[in-house]
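Only one structure is covered here, and it is reproduced in the block below.
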Amino acid sequence: MTHISQLAQFGLFDARAPRYTSYPTAPQFNAGVGERDFMEWVRAIKPGSEISLYMHVPFCRRLCWFCACRTQGTSSDAPVRAYANSLLAEIDMLRAILPTGVTLSRLHWGGGTPTLMPAAMIAEVGQAILSLAPLAKGGEFSVEIDPNEIDTARLRALTDLGMNRASIGVQDFDPEVQAAIGRTQPFYLTRQVADMIRDAGISALNVDILFGLPHQTQARMAESVMQLISLNPSRVALYGYAHVPWMSRRQQMIPDAALPTPQERLGLFELAADLLGDAGYQAVGIDHFALPEDGMARAARTGQLRRNFQGYTDDTAQVLIGIGASSISRFPQGFAQNASRTADYAAAISNNRFSVQRGHVFTQDDHLRGAMIEQLMCEFRIDRTRIIQRLGYTPAALDGLLHATFDAFQSVLVLDAEGLKLPPVAWPLTRLIAQSLDAYGSTKAQHSAAI
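Mapping of the sequence shown onto our numbering: position 450 corresponds to residue 451, and the numbering continues sequentially without gaps.
Shown next as structure tokens:
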């Protein structure tokens with residue numbers, strides 16, 4: 002059986018599946034979790050511990066058609082200023098309930114376009130966060146930077162705050178592909194910004210690129226990847242474009258006929274992965290690559306790799322607090338998500354209330370299945386002994402799930418006394434195998450293509 006036909010046997014090229022940056026996934030969140038739960042969970046954080054914090058900025062100067070994130074366009078700074086005021090108020094509310102001595106193992110600013118904020122606003126918001134909880138020793142402060150929205154003043158404001166990792170979205174360098182997704186970002190500009198970042202003393206650089214975009218071909222993909230490699234990033238995220246026009250209306254600007262077929266998508270991914278491997282990058286999970294000395298590559302080698310709402314991470318903190326509209330917090334007790342609409346978020350904050358609107362309280366079964374799915378997504382295996390030791394489950398509870406998963410995918414999985422293993426040839430099936438462990442089920446309409 003050929004590689005492609007074996008994958009097709011399991012419906013890979015027709016399937017849709019979650020990306021499993023959480024378990025349960027966000028569509029399973031419900032209104033049973035609210036402000037009271039969030040406050041109780043924050044107060045339960047152990048004093049002096051390390052946590053992570055994510056800040057969401059849902060504004061862009063222009064809305065790229067490919068993007069399905071919760072963002073809104075603005076041509077002025079007025080709504081950004083109002084939003085920053087809400088962030089500052091939310092930070093003050095957190096200050097009143099956060100236990101003493103907490104530090105940040107990771108601080109990440111995402112969006113949208115965080116660097117759309119003027120330099121003074123960046124400094125104001127950043128200082129408020131770091132006065133709430135400073136970076137821990139060895140902590141990482143990363144920011145998503147749009148090359149079209151950065152200058153010396155804003156970069157200086159970020160480095161003065163302690164930013165030590167930057168992330169640049171590339172998507173694709175080909176002009177025709179960029180025109181089709183509403184994202185104009187020539188290579189020379191990206192190179193210029195990468196040089197600016199390094200000249201500012203930031204050596205850790207992440208770059209995102211997409212496969213499965215309209216008009217992408219093998220030749221165009223190869224050219225974009227080689228240009229990306231010339232930037233010498235520390236990490237590369239090679240994401241599959243999620244075409245979900247029923248969820249993101251702006252994607253209706255992208256003609257379906259220009260999109261690669263699922264089989265062509267797989268070919269584009271494998272081409273890019275081979276080029277990155279030849280350039281010395283270590284494969285990390287299903288869609289990341291990192292230089293061997295990078296922390297993420299080390300985490301992958303030592304079994305410390307984790308999944309969170311930003312994708313793969315080497316952060317092992319048990320708590321992630323999200324601030325801003327639509328941000329999701331994760332606690333040992335469960336998930337809590339802020340209001341998605343900026344207006345609803347701001348209204349709650351103005352009334353001195355956290356804007357948490359939904360979430361999920363973990364069950365014992367969630368912990369077990371979540372650990373199995375995370376390990377599968379990170380290591381392409383489920384280690385029976387580690388799961389039992391980590392969660393204290395009886396072997397019977399785990400073994401039933403292992404055998405059911407093996408029965409569904411036995412021609413590609415290996416089951417032995419150590420657990421389940423997925424051979425490299427079948428790695429494209431990882432999300433589908435993870436989905437077989439999902440007790441909540443899903444509908445095709447909710448998720449992107451499985452490849």
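Built from N, CA and C at the ideal position, the CB exists for glycine as well.
For residue i, count neighbouring C-beta atoms within 10 Å of its own C-beta (all shown protein chains included) and say buried if the count is 16 or more, exposed if not.
i: Ala97; result: exposed
i: Tyr282; result: buried
i: Met2; result: A caution first: Met2 carries a pLDDT of 38, below 50, which makes its placement in the model unreliable, though a value can still be read off. Exposed is the call here.
i: His361; result: buried
i: Gln217; result: buried
i: Asp366; result: exposed
i: Gln358; result: buried
i: Asn31; result: exposed
i: His4; result: exposed
i: Leu117; result: buried
Between which two residues does the alpha helix (DSSP H) carrying residue i extend?
i: Val226; result: Gln219 to Ser231
i: Trp42; result: Glu36 to Arg44
i: Ala317; result: A small correction: the amino acid at residue 317 is Thr; Ala does not occupy that position in the sequence shown. Note, Thr317: premise wrong, no alpha helix (DSSP H); not H, not E.
i: Arg307; result: Here Arg307 belongs to no alpha helix (DSSP H); instead the beta strand (DSSP E) covers Arg307 to Asn309.
i: Ala9; result: His4 to Gln10
For residue i, collect the residues of the same chain with a Cβ closer than 7 angstroms to its Cβ; drop the 5 residues on either side in sequence, then sort them by chain order.
i: Met378; result: Tyr21, Gly286, Ile287, Arg308, Thr431 and Ala435
i: Ala16; result: Leu433 and Ala451
i: Thr185; result: Gln179
i: Ser341; result: Arg71, Ala326 and Ser327
i: Val245; result: Ala69, Gln252 and Ser449
Over the uninterrupted beta strand (DSSP E) stretch that includes residue i, give me the two end residues.
i: Ser341; result: Per DSSP, Ser341 belongs to no beta strand (DSSP E) and is neither H nor E.
i: Gln1; result: Any question about residue 1 goes unanswered here, given that the chain covers just 2 to 452.
i: Arg331; result: Ile329 to Phe332
i: Ile322; result: Leu321 to Ile324
i: Leu432; result: The amino acid at residue 432 is misidentified as Leu; the sequence shows Arg. Taken as a continuous stretch (DSSP letters only), Arg432 belongs to no beta strand (DSSP E), being part of the alpha helix (DSSP H) at Thr431 to Ser437.
Can you tell me the Cα-Cα spacing of residue i and residue j, whole angstroms?
i: Ala326; j: Thr343; result: 5 angstroms
i: Glu294; j: Ala300; result: 10 angstroms
i: Ile123; j: Pro256; result: 37 angstroms
i: Trp42; j: Phe332; result: 7 angstroms
i: Ile350; j: Ser356; result: 7 angstroms
i: Pro429; j: Ile452; result: 7 angstroms
i: Ala409; j: Asp400; result: 14 angstroms
i: Ala337; j: Phe310; result: 12 angstroms
i: Ile182; j: Phe67; result: 5 angstroms
i: Phe11; j: Arg155; result: 49 angstroms
i: Val426; j: Tyr24; result: 25 angstroms
i: Ser76; j: Arg166; result: 28 angstroms
i: Ser87; j: Ala347; result: 6 angstroms
i: Pro135; j: Glu141; result: 11 angstroms
Tell me which same chain residues have a C-beta within less than 8 angstroms of the C-beta of residue i, skipping the five on either side of it?
i: Ile210; result: Val171, Gln172, Asp173, Ser225, Val226, Leu229, Val237, Ala238, Leu239, Tyr240 and Ala273
i: Ser168; result: Ser143, Val144, Glu145, Ile146, Leu206, Asn207, Val208 and Asp209
i: Ala405; result: Ser437
i: Ala298; result: Gln283, Val285, Ala291 and Leu292
i: Leu392; result: His368, Leu369 and Ala372
i: Asp175; result: His216, Gln217, Arg221, Glu224 and Ser225
Any beta-carbon of chain D closer than 8 angstroms to the one on residue i?
i: Gly325; result: Here chain D cannot be found, since the structure has a single protein chain.
Below 6 angstroms CB to CB, which residues in the same chain sit around residue i once its five sequence neighbours on both sides are set aside?
i: Glu51; result: Thr104, Ser106, Ala137 and Ala318
i: Asn276; result: This sequence places Leu at residue 276; Asn is not what is there. So the qualifying residues of the chain are Val226.
i: Pro100; result: Ile46 and Pro48
Which runs of the beta strand (DSSP E) fall wholly inside the stretch 243-297 and span at least 3 residues, in chain order? 283-285 and 289-291
Please specify which runs of the alpha helix (DSSP H), each continuous and at least 4 residues long, are wholly inside the stretch 134-215, giving them in chain order. 153-162, 176-182 and 188-200
My parser needs the beta strand (DSSP E) runs of 3 or more residues fully inside the stretch 44-131; what are they? 51-58 and 104-112
Could you tell me which whole alpha helix (DSSP H) segments of length 4 or greater appear in the stretch 370-399? 385-392
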